[in-house]
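Data first, discussion second: the structure below is written as structure tokens.
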Amino acid sequence: MIQDTISSENCNSFFFKDSVLEALQQAGKHFGCKGKMVLASYGQNPQTGENLPPKVEHFSTTSNGDILLKIVNDLSRETHRNVYVPLCSFREDLPPGKKGGEADISTVFGLVADLDDDQAHKWPERLPFQPTYVLETSKDRFQAGYIFTDGVAPDAAKPVAVMLQEYSGCDFGTKDLSHVWRIPGTLNYPNKKKVDAGRSPEPQFVTFAKPIGDSVDFEELKNILEQWHSQKIERQRKSQEKHQKPKNGTKPFQFDGDINHLPVKPGTKDFILSGAPVGQRSEAIQTVLNALVYSNLDDGQIFSIFNSYPIGEKYSGQKSPVQWLQPQIKKARSYVTEKATAERTTGKETIQEPWGDIVSIEDREPSKFDPSSFPGVVGEMARAISEETETPFEMSAGLILSVLATACQGRFMIEVKEGYREPLNLWVVVALEPANRKSSTLTACTRPLTRWENEKRITMEPEISHAKVVRSLQESRLKSLRAKYGKAKPGKLDEIQEEIFTLENELEPIPVAPQIWSQDVTPEHLGTLMGINNERMTVLSAEGGIFDILGGRYSNGIPNLDLFLQGHAGDPVRVDRGSREPVNLENPCLSLGLSPQPDVLKGMASKPGFRGRGLLARPLYLLPQSNLGYRTLDTVPIPKDLDSQYERVVHSLLDITSPENERGESCPYILKLSHGAYKEWSAFYHVTEEGLRDGGQFEFIRGWAGKLPGAAARIAGLLHCAENIDQPWTKQVSLETMQSALDIAAVFSNHALIAFDLMGADEGMDKARKVWCWIRRKGFSSFKKRDCFDALKGTFPRMADIEDPVKILTERNYIRPQIKETGGRPSIICHVNPIFMKEG
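Residue numbering for the sequence shown follows my numbering, starting at 363 and increasing by one per position.
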């Protein structure tokens, strides 16, 4: 193995002695730095795309070099793991295991130009002047580091980092002061994306292209970049003059590159030159745009300012900066033209934008399924179970979807369009308090699955018994032969050995009766079950114990999510089982039908990895209104003929045998959409996509909502199969079926917002309610953000934490921030909607 060639001597010379880590420690000592320094390591298996768990270690300027060396050495020896260090120190109270972001930085030690393109080998020509060191991180890819002679405050370093990135045309990571960088002597393991693009999966050493040299003076670097920046602005100005065309007979303001010549207020200029303050970015950017448009600058001049000054920091960090800024410029033009979308002083009077309708921040009411969305036998059975158990229709309908997924997963896929298919497995989680007859409902919904398993088990009993007898006799014969081999003379050994080999190859396999569902099962055992059941399985339970197991109940608190995550998507996964052989699943299909208590959902968000790795984004949540307190016992049992019809639907789908491809491998039948069904799904997709935008209804649950159109397609496939149990692949999914599926998906989206609010995943709603309670309690007609922060420090540790709640209250027309010019740096006053003042 290549990593075994790293000797301690190599590591010492590379990692520490006269190297980056030592230089950083020495710099920190020289700067008198008291904060924490960080080693961070990440990685990914290039074959599977599986991410390694991140590991972060903290050290200081006084940490023992040998210990530091050992940590780096140990991390670098782990296959697929890359080791990095940021060129800064972080606050002393940075929590253990956290890498820290720009807001946590205390001192900047240096900057790095990350040259990761086809022209990276020209790094000497692309840099403003000689760096402290240059690393070749992989073939013809370089990182050039500037370590400063003195520590620099983050606010001073940030604009220089932005200019360094623009000057060298390097990777955008250069702009991030907290970004982590390669350490010489470690190994650079490629990820799956790079290997798929043609790079060798073998790791490469990170080596010096230019050894450690002199540290650089920050002011010198800053002056060179500022001079270059001024020249760039001048070139842009001349280009604008050449190509400028007046619009509507109005001559645009000729911006000469000097902000002092802009006809805007001092506070607005301050925003342009210093950047938007933390906690006020959105308001400040829109204020600047309003002022620039009001001053008659055209779009090109506005883009130039945002390209050239700190106000454009958020803009320049976008993947498509122009597309990101254009709608906000349009909003500013509307502001100026109509004089009604924001406040504007006009001498003695003030014109104000009318307050819009209030969008409540109170708890949402869960919407209900329209029973007609569940057609045929499926809908009738869901209603019958609901009526018999006096439980919400949503519970029986949701769990029946899990039953259909159990019957269809692995047997069918739905093709939304060419190149895009979805499997038909589903995760449905129906949360209700105890005493809601969840077990009775689940039993009624899943009875066909239990009966099917029992029937198969009874049918196969003679075959299994016969195989066990034959196998027992063969094993007895093998035992006898092995004993005979131990006593045989040399001349007989080959003959006995050959007979043993032959018999072992002919051992009678013992058939296993199919199992299609389980309850609370460990991931390791689940992998075993899926391995012997065509890579399919469903977890059904009236509780949520499976989430405790996933959270590490039987693995010392370490979450084990891979099989579940891959099983939802149908991606290949390897399940390691300790001392036993691992199970390799090529196309796993895993469904869930669970009915935990709401408190289980509350606890899910705090479990390690559940949010970060996307587990919370996969289930379809239902939190129906309980019938407790309104039950009558005046119920009607499920009609026997309906029970039989429902069982026939489920059994018919379970009995379908998947076709084989040209290699003899089992593959699913493909369900296709009619033209009308696709158009309907496409419209739903675009509406959902709009909801993912800033301020959209799914802004805080993007991970979940991004999967909603795919889930809707899966539901359509299940409804189609339930209606067409005789060769469903021979018919297209109809418009009517798709409309039913989309109606169901819309209800799931409403319940998801409630579920994530319950889990605290709606990243500002709960805090917005706390801010609003404070406003109402104090009876304010207006307030400053600083006042809110001072009063609610227990909820908001940092001033920046106020931004999301204020944004939510603004979007929902509870408050309206207004920037107030003060002669110095402007302040923001938040006005309360007068309607609440009238209410008292």
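Backbone N, C-alpha and C define an ideal beta-carbon position, used for all residues, glycine too.
Every value quoted in this text rests on a predicted model; they were computed, and no experiment measured them.
Item                                                                                                                                                                                   : Value
State the DSSP-derived secondary structure class of N426, mapped to helix, strand or coil.                                                                                             : coil
If you count every other CB in all the chains shown that lies within 10 Å of the CB of G929, and 16 or more means buried, which is it?                                                 : buried
Figure out for me which residue from W717, D660 and V935 has the closest Cα to the Cα of R695.                                                                                         : D660
Between which residues of its own chain and F1198 is the CB-CB distance below 8 Å, once the five residues before and five after are set aside?                                         : R1138 and Y1176
Give the range of the alpha helix (DSSP H) segment to which V1029 is assigned.                                                                                                         : First, the amino acid is wrong: residue 1029 is Cys here, not Val. Per DSSP, C1029 belongs to no alpha helix (DSSP H) and is neither H nor E.
Considering only C-alpha positions, which residue in the set Q1094, N407 and V740 is nearest to V557?                                                                                  : N407
What separation, rounded to the nearest whole angstrom, lies between the Cα atoms of Q877 and Q987?                                                                                    : 34 Å
Please name the residue or residues paired with N444 in a DSSP beta bridge.                                                                                                            : Y404
Of the choices K841, A759, L947 and P810, whose alpha-carbon is the least far from that of F1110?                                                                                      : A759
Within this structure, are the beta carbons of L963 and L761 separated by less than 8 Å?                                                                                               : no
Mapping the DSSP letters down to three states, classify Q602 as helix, strand or coil.                                                                                                 : Note on Q602: pLDDT 45, under 50, position unreliable in the model; no value is reported.
Could I get the ranges of all uninterrupted beta strand (DSSP E) runs contained in the segment 866-892, with 3 residues as the minimum, in chain order?                                : none
Where does V1194 fall in DSSP's three states?                                                                                                                                          : strand
For P852, which three-state DSSP category applies?                                                                                                                                     : helix
How far does the alpha helix (DSSP H) with E498 in it reach, from first residue to last?                                                                                               : No alpha helix (DSSP H) contains E498, which is instead part of the beta strand (DSSP E) from Y495 to S500.
Going by DSSP, what residue range makes up the beta strand (DSSP E) through S508?                                                                                                      : The sequence shown places Tyr at residue 508, not Ser. Run containing Y508: R503 to V514, per the beta strand (DSSP E) assignment.
How many whole angstroms separate the CB atoms of P960 and L977, which I take to be in contact at a CB cut-off of 8 Å?                                                                 : In fact, because the Cβ distance is near 18 Å, the residues do not count as touching under 8 Å.
I need the boundaries of the alpha helix (DSSP H) containing M1100, first residue and last residue.                                                                                    : L1097 to M1121
From the DSSP output, in three-state form, read off L1035 for me.                                                                                                                      : strand
Looking at C-alpha atoms only, which residue of S957, A1103, N652 and V945 is the closest neighbour of G893?                                                                           : V945
What residues are listed by DSSP as bridge partners for R898?                                                                                                                          : C951
For V874, count neighbouring C-beta atoms within 10 Å of its own C-beta (all shown protein chains included) and say buried if the count is 16 or more, exposed if not.                 : exposed
Quick check on this structure: which residue in E384, T884, G889 and D933 has the alpha carbon closest to the alpha carbon of L912?                                                    : T884
Does DSSP put Q1209 in a helix, in a strand, or in coil?                                                                                                                               : With the chain represented from 363 up to 1202, any question about residue 1209 goes unanswered, as that position is not in the structure.
If you draw a straight line from the C-alpha of T1099 to the C-alpha of T569, how long is it?                                                                                          : 60 Å
Rounded to whole angstroms, what is the Cα-Cα separation between T997 and D1005?                                                                                                       : 16 Å
Which value, in whole angstroms, describes the spacing of the CA atoms of G848 and Q836?                                                                                               : 19 Å
Where L437 and S880 are concerned, what is the direct C-alpha to C-alpha distance, given to the nearest angstrom?                                                                      : 39 Å
May I ask you to verify whether the segment 1088-1103 touches the segment 1132-1150, counting CB pairs closer than 8 Å and requiring at least 3?                                       : no
Nearest to L386 by CA position, among A806, F471, Y1047 and A523, is which residue?                                                                                                    : F471
Under the three-state reduction of DSSP, which class applies to G662: helix, strand or coil?                                                                                           : helix
Per the DSSP calculation, D1056 is bridged to which residue(s)?                                                                                                                        : BP columns for D1056 are empty, so no partner.
Exposed or buried, which one is L431 when buried takes at least 16 other CB atoms within 10 Å?                                                                                         : buried
Give every residue of the same chain whose Cβ lies closer than 6 Å to the Cβ of S1009, excluding the five residues on either side of it in the sequence, and list them in chain order. : Note on identity: in this sequence residue 1009 is Glu, with Ser being the wrong assignment. So the list reads P810, once near-sequence residues are dropped.
Output yes or no for whether 8 Å exceeds the beta carbon distance between P775 and L1033.                                                                                              : According to the sequence provided, residue 775 is Met. The question's Pro does not apply to it. Yes, they are a contact pair.
From the DSSP output, which residues share a beta bridge with I723?                                                                                                                    : Answer by DSSP bridge pairing: none, since I723 is not bridged.
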